[in-house]
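Some notes on the structure that comes next.
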Amino acid sequence: QTINQQQQGSESSSEVEAIKAKIIAHPQYSNLMEAYMDCQKVGAPPEVVARLAAARQEFESRQRSFITSRDNS
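Each residue of the sequence shown is one higher than the one before, starting from 1 at the first, in UniProt numbering.
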């Protein structure tokens with residue numbers, strides 16, 4: 001049973017990853033993330049705003065990398 005449970009767990013994990021990939025690939029995903037981060041900044045302490053700004057820069061960098069690698073394929 002343990003092996004069967006592990007296989008089911010890995011299938012669930014791969015299904016979750018597939019769903020995440022579909023969400024990230026959605027054309028409006030980056031706009032939604034930007035809006036969410038902007039909302040989180042409202043009333044937040046300066047250190048939280050700084051972390052959100054850094055996360056946004058990293059997100060934008062990853063998006064550019066993804067688009068570039070996708071276009072080169």
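Ideal Cβ placement from N, Cα and C applies to all residues, glycine included. For clarity, every value in this text was computed on a predicted model and none was experimentally measured.
Whole-angstrom distance between residue j and residue i, CA atom to CA atom
i   : j   : result
P45 : M33 : 20 angstroms
I54 : E47 : The sequence given here has Ala at residue 54, not Ile. The straight-line gap from Cα to Cα measures roughly 11 angstroms.
K20 : C39 : 22 angstroms
P27 : A35 : 14 angstroms
K41 : L52 : 7 angstroms
E15 : K22 : 11 angstroms
Proximity to residue i [Cα-Cα], best of the options
i          : options               : result
Q63        : G43, V49, S30 and A35 : S30
residue 78 : N72, I67 and D71      : A question about residue 78 goes unanswered here, because the residues of the chain that appear run from 1 up to 73.
M37        : K22, R56 and E17      : R56
Length-filtered (4 minimum) alpha helix (DSSP H) runs lying within the region 4–45: 29–41
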